[in-house]
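Here is the structure we will look at.
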Ligand SMILES: [Mn+2]
C-alpha cells in the first residue's frame, strides 16, 4: 500500500500518480521533485519573475498556481492523446529558478538555469512568470540548436521595438529576432489581436483567423513553415479569451477558447519540438482556477506533443 507523497518518493517515468489531488506537495502533475537530471527527458521548472510586466503584475505567482491546478488533472493519460507523457518520458519538477537581486531581469541567471537543463540532455518546460522569461530561455536553446523557430500563442506579438535596456515582456521577441536567436521566417504567431504594423517577418494567424478556420488548417500552416527545424513553443495564456483566462496581466477580449488552442496543439504532431513554456498566469485576477487549469492542461498537452515527437525521433 502506497502511503507516500509522489512529489518526493515517485520515480520519473512511472506514470500519473493517483495520490491525493487535494493534498501533498504540489509538483507539476505530481511528478517527483528532484534536481538530479541523470537520465531525465523533461525538466519542469518555474520562473517566478514578473518585473518585466507593463500592465498588471502578479505572474510571479503563476508557477505555483499552475502546479496546484495540475493536481486536479493528474489522474490518467491526457485525453485525447494515445501517449502518456508521464510513462513515455522521464519527467521531473526541479522547482523554481529564483531571480537574483543584483540583476533585476536576471537574464544570465535564468539562461544559465535553462542551459543547465539542456546541458543535462533534457528538454525544459518552463512555467512563467511574465513572458519576458521566454527570452533567456530562447537564448539558452539557441546556444545549442542555433536560430529557433517560434510557435507563439499570444494576444500580442511582443515584437514592439526595444532600445538599450528597455527590454520588457512586450519587446523581447523584437530583441530575439534582431539578435538572430529566433528565425521569424519559419515562425508563426497565433491568436494576435493587438496592433503592431511591423511583423518582423513572422507569419501571423490572428484571433479572427482562428475563429474562421480549424486547428488542423492552422497546424498545417505552421508545419509548412517550420519543416524539421528546431521549434520552441511559447504559450502566453492571454492568447485565450478573458472568458477562458481572466487571470493574466494584459487580457484582450476576442481571443481563443481553450479548445481552439488545444485543437491546434493536438495537430502539431511531427514537429521538431525542443523546448516550451507557458507564461503570464496571474492568479490574483483568476476565478475558480479557470486560468491556472487552462495553463496546466496546455502544459501537459505540450508534454504529450513532445513525447510524440520524441518517440518519432527515436
Ligand atoms: Mn500577451
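Residue numbers (the working numbering): 102 to 415.
All C-beta atoms, glycine included, are put in the ideal place defined by N, C-alpha and C.
By the beta-carbon neighbour count (other beta carbons within 10 angstroms, threshold 16), residue 284 is buried. Put simply, the region 321–330 touches the region 363–376. At least three CB pairs are less than 8 Å apart. DSSP places residue 188 within a helical segment (H, G or I) once states are collapsed to three.
DSSP, read as helix, strand or coil, puts residue 254 in strand.
In this structure, residue 333 places its C-beta atom within 9 Å of the C-beta atom of residue 249. One thing to note: residue 116 has its Cβ within 9 Å of the Cβ of residue 185. One Cα belongs to residue 162, the other to residue 310, and the distance between them is close to 32 Å. Between residue 145 and residue 221, the gap from beta carbon to beta carbon reaches 9 Å or more. At least one heavy atom of ligand 1 lies less than 8 Å from the C-beta of residue 340.
Proximity of the beta carbon of residue 244 to ligand 1 is not indicated: no heavy atom of the ligand is located closer than 8 Å. Ranked by Cα distance from residue 109, the options 135, 187, 362 are led by 135.
Annotation: the region 277–326 contains the following complete segments of the alpha helix (DSSP H) (minimum length 4 residues), in chain order: 308–312. Placement of the Cβ of residue 351 at a distance of less than 8 Å from at least one heavy atom of ligand 1 is found.
In this structure, the alpha-carbon of residue 151 lies about 16 Å from that of residue 336.
Residue environment analysis places residue 278 among the buried positions, since at least 16 neighbouring C-beta atoms fall within 10 angstroms of its C-beta. As DSSP reads the structure, residue 403 sits in no beta bridge. At least one heavy atom of ligand 1 is found less than 8 Å from the C-beta of residue 255.
Listed in chain order, the beta strand (DSSP E) runs fully inside the region 358–412 are 373–380, counting runs of at least 3 residues. A direct Cα-to-Cα measurement between residue 156 and residue 217 gives close to 31 Å.
When the alpha-carbon of residue 319 is set against those of 357, 301, 246, the nearest one is in 357. Distances taken from the Cβ of residue 387 to the heavy atoms of ligand 1 include none shorter than 8 Å. Judged by their CB atoms, residue 188 and residue 114 are nearer to each other than the 9 Å cut-off.
Nearest C-alpha to residue 138 among 195, 124, 166, 160: 195.
The three-state reading of DSSP puts residue 145 in strand, counting E and B together.
Secondary structure at residue 170: helix, using DSSP grouped into helix, strand and coil. In the DSSP secondary-structure assignment, residue 336 is bridged to 254, 379.
In this structure residue 402 is buried. Its beta-carbon is surrounded by 16 or more other beta-carbon atoms within 10 angstroms.
Bounds of the beta strand (DSSP E) holding residue 227 are 224–229.
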